[in-house]
Every structure is written in C-alpha cells, then in structure tokens.
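Chemist: In our numbering, the protein residues as written are 27 to 373. In this text, a Cβ means the ideal position worked out from N, Cα and C, and glycines have one as well.
(1) For the pair the segment 114-121 and the segment 342-357, tell me if three or more CB-CB distances fall below 8 angstroms.
(2) Return the Cβ separation of residue 254 and residue 287 in integer angstroms, given the expectation that the two are a contact with Cβ distance under 8 angstroms.
(3) Assuming residue 52 and residue 290 form a contact by the criterion Cβ under 8 angstroms, report the distance between their Cβ atoms to the nearest whole angstrom.
(4) How many Å lie between residue 129 and residue 86 at the Cα?
(5) I need the DSSP call for residue 193, collapsed to helix, strand or coil.
(6) Among the residues of its own chain, which have a CB less than 6 angstroms from the CB of residue 38, if the five just before and after it don't count?
(7) Mapping DSSP to helix, strand and coil, what is residue 283?
(8) Alpha carbon to alpha carbon, what distance is there between residue 36 and residue 154?
(9) When the Cα of residue 347 is compared with those of 144, 321, 326, which residue comes out closest?
(10) Within 8 angstroms, do at least three Cβ pairs link the segment 41-52 to the segment 273-288?
(11) Buried or exposed for residue 143, going by 16 or more other Cβ atoms inside 10 Å?
(12) If you run the structure through DSSP and keep just helix, strand and coil, what is residue 305?
(13) Rounded to whole angstroms, what is the Cα-Cα separation between residue 132 and residue 326?
(14) Assuming contact is defined by CB atoms lying nearer than 7 angstroms, are residue 248 and residue 230 in contact in what I supplied?
(15) For residue 219, which three-state DSSP category applies?
(16) For the 8 angstroms Cβ check, are there 3 or more pairs between the segment 310-324 and the segment 98-108?
(17) Just tell me which of 190, 196, 227 has its CA closest to the CA of residue 220.
(18) If we ignore side chains and look at the alpha-carbon of each, how far apart do residue 307 and residue 157 end up?
(19) Determine the direct distance from the alpha carbon of residue 114 to that of residue 135, and round the result to whole angstroms.
(20) Pop quiz: residue 188 and residue 179 are said to be a contact at Cβ under 8 angstroms. What is the actual Cβ separation, rounded to whole angstroms?
(21) What's the gap between the Cα of residue 184 and the Cα of residue 366?
(22) Looking at C-alpha atoms only, which residue of 145, 195, 139 is the closest neighbour of residue 165?
(23) Just grab the DSSP bridge partners of residue 150 for me.
(24) For residue 82, count the other beta carbons within 10 Å of its own beta carbon; 16 or more makes it buried, fewer makes it exposed. Which is it?
(25) Could you give the DSSP three-state label for residue 125: helix, strand or coil?
(26) Measuring straight from C-alpha to C-alpha, what distance separates residue 385 and residue 124?
(27) Skipping 5 residues on each side, what residues in its chain have a beta carbon closer than 6 angstroms to that of residue 58?
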C-alpha cells in the first residue's frame, strides 16, 4: 500500500523536529566523556541556558537542505547550487560552530570554486548530519534519494566514507518513514556498506542487536567507549544502532546516544532525524520540543518548513535573516558561559 500524504507530512515534521530536539539536547554535553555526563546529569533534559535548549549547525544545515530542495526538488545539480549559496550566507553570518572541513569548503565556494568542486576530502560528520530529511523527502525514489544525498554531501565532503555515511543516514530515514521491519532494514542497509571501517561497525551492529547490547555497550565495542568521535562511520553506526535497538522509542534512542558522550549534538541530531521520521511529532516528548528556545530558526519555522515540503510548495517560509548575526553572537556568548559553567563542580 502506498503511504498517504498524511504519513509523509508526519514523517517530514517528525524528522525535522527530531533533528532539532536531538541537537538541542546533545549540545550542552558536546565534547564530554560518558563518565563525566553521568556525573553531572541524572536524566537528559534541556540545560544550555535556564533550562532551555538552542540549535546548532546540525539543525541549521538540515533546514537549509530542506529549503533548497523545496526550490529544486527535481534537479540535483540545481539543488546543489542552491544549497551552496545557502551555505555561503550561513558562514558569512558567523555561526558559533562550524566544522573545519565544512568551513574550508564554503571558503572555496566564496573564492569561485563551483559547487561540483568545492568539497574537501574529509570523513567528518558534516554531510551525514543533514541527510535524514532527504531520505524522508525521497523515500519512494531510491535513485533520486541517492542523487540528492551525494549532491549535498560533495559540496563539503568528498571522502567516500562521508558519502557512505550520508547515504546510510538517508536510507535509514526512508526505512523509518516507511516503518520497514528490522530484517528488511538490515538487509537494505547491509548492501550500502562499502568501506572497511563501516563493514566492521555494521557486523558488530548486527551482533550487538542479536545479543541485546545497550547503545553505550555497542559504542564501546567499536572503540567509542569514552565518547562518539566526529568520524562519520562512528557517529552513523551508533545512530543506526540506537534507532534499531529502540524502534519507536524516540526518548530512549536519543537519551542513550547522548549518554555515550563525545560529539553528542551531532550523534543525537542524526538519531533524532531518523527516529522522528518513524514516530512523528506525537512520538517526541512535548517537553523536549517546547524546551527549544531559538529564533529566527524556531520550532514555528520548522513547522512551516515541514508543511511546505509536504504540500510541494516552491518557496520556503520567510526567515528573518537580518537577525541571524545577532542571534549567533548571543548564541556564542551563551555557549561560552555554558563552557565556563562546566568547569565548576557538578550541580
């Protein structure tokens, strides 16, 4: 049976909100070890500023991808160019967090490199963190899904392991949105595993699922016992395991990923984007959604963007871009103060 437009709308909104929630919840713990997170927090909650959360580059990139695909949903080359311009202006607004490889690629765009040649050879998380929404958007078109994912990836990352990771995230999101069985999901994902690094991680993933291991136990098994690194195969493998280990349980999947430590905002954003595609907004704790306090990329903006994607609109909702540099400055101050707070004894 072909999924209904209502199902698609739910999956699109769930994936966008799931990405934002995972990002905002994971951000305060970024760079911390599993042990340190356990010593500072009892339970995952918003804690960046006065019990509220804010969004980082993981969500911002996902929203830019969604906005670009709105305008160019039938042409991956035109989509890539549109996303390239969005990334140019995004960097010019001085975001508080930007990966080194992504920054290099955007600088290359600004100095005249075409979108087809701007990427750098890196296996960082930049491409994977913005791929889930493409998997949901093109969940019924495998060829188009792959074309758009690779177009978005190669803007900034050209390492085959980054491409592989981005494709796996999009495929998982498509499978989640379609509510495919675990056996089908594993069979399809297995065919997309190419690199030696991911082959090892995927074999351990299947063994860990069979053994009923926890997310931290699996992370430790692939060498991320102290925290999930920014190496895309590590991050994506942990996110895939969390989704498969806790199918339909958004809160558990995201919480366990954050408790692994390391690159918590990106790992949780990817996990949230996949899990959210499956459970929709109804499956995401409302307190986690309501706890996001950001602007102009707000929860209200995310809802409007998801609606535009679902209704095949040609334009993204208006984003009050003149305020973005000021918001980024405030965000930088908040992150700096939060970092200082982490130097103090646990509360």
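Modeler: According to the structure data:
(1) yes
(2) The count along the chain shown starts at 1 and reaches residue 254 at position 228. The count along the chain shown starts at 1 and reaches residue 287 at position 261. Contact flag correct, Cβ pair sits at about 7 angstroms.
(3) By 1-based counting over the chain shown, the position of residue 52 is 26. By 1-based counting over the chain shown, the position of residue 290 is 264. Residue 52 to residue 290, Cβ: 4 angstroms. Contact.
(4) Translated into positions along the chain shown, residue 129 becomes position 103. Translated into positions along the chain shown, residue 86 becomes position 60. Cα-Cα distance, rounded: 14 angstroms.
(5) Taking the first residue of the chain shown as position 1, residue 193 is located at position 167. Here residue 193 sits in helix by DSSP.
(6) Stepping through the chain shown from its first residue, residue 38 is reached at position 12. Hits under 6 angstroms: 162, 332, 335, 336.
(7) If you number the chain shown from 1, residue 283 lands on position 257. Helix, per DSSP.
(8) In the chain shown, the residue the question calls residue 154 occupies position 128. In the chain shown, the residue the question calls residue 36 occupies position 10. The straight-line gap from Cα to Cα measures roughly 22 angstroms.
(9) As a working note, residue 347 is residue 321 in the chain shown. Out of 144, 321, 326, 321 has the C-alpha closest to the C-alpha of residue 347.
(10) yes
(11) As a first step, residue 143 must be located in the chain shown, where it is residue number 117. It is exposed - the Cβ of residue 143 has fewer than 16 other Cβ atoms within 10 Å.
(12) Locating residue 305 in the chain shown gives position 279, where the first residue counts as 1. Helix at residue 305.
(13) Within the chain shown, the letter at position 106 stands for residue 132. Within the chain shown, the letter at position 300 stands for residue 326. So the alpha carbons of these two residues sit roughly 28 angstroms apart.
(14) Counted from its first residue, the chain shown places residue 248 at position 222. Counted from its first residue, the chain shown places residue 230 at position 204. Contact: yes.
(15) For this step, residue 219 is matched to residue 193 along the chain shown. Coil, per DSSP.
(16) no
(17) In the chain shown, counting from the first residue as 1, residue 220 sits at position 194. Ranking 190, 196, 227 by Cα distance to residue 220 puts 190 first.
(18) Your numbering for residue 307 matches position 281 in the chain shown. Your numbering for residue 157 matches position 131 in the chain shown. Rounded to the nearest angstrom, the two C-alpha atoms are 19 angstroms apart.
(19) In the chain shown, the residue the question calls residue 135 occupies position 109. In the chain shown, the residue the question calls residue 114 occupies position 88. Computed Cα separation, rounded: 7 angstroms.
(20) Taking the first residue of the chain shown as position 1, residue 188 is located at position 162. Taking the first residue of the chain shown as position 1, residue 179 is located at position 153. Right, the Cβ-Cβ distance comes to about 6 angstroms (below 8 angstroms), so this counts as a contact.
(21) By 1-based counting over the chain shown, the position of residue 184 is 158. By 1-based counting over the chain shown, the position of residue 366 is 340. Cα-Cα distance, rounded: 36 angstroms.
(22) Taking the chain shown and counting its residues from 1, the one referred to as residue 165 is at position 139. Taking only the C-alpha atoms, the option nearest residue 165 is 195.
(23) Within the chain shown, the letter at position 124 stands for residue 150. DSSP lists 257 as partners of residue 150.
(24) In the chain shown, residue 82 corresponds to position 56, counting from 1. Counting Cβ neighbours within 10 Å, residue 82 comes out buried, since at least 16 surround it.
(25) Stepping through the chain shown from its first residue, residue 125 is reached at position 99. In the structure shown, residue 125 sits in coil (DSSP, three-state: anything other than H, G, I, E or B).
(26) The chain is shown only over 27 to 373; residue 385 falls outside these bounds and no answer can be derived.
(27) Within the chain shown, the letter at position 32 stands for residue 58. Excluding positions up to five away in sequence, the list reads 287.
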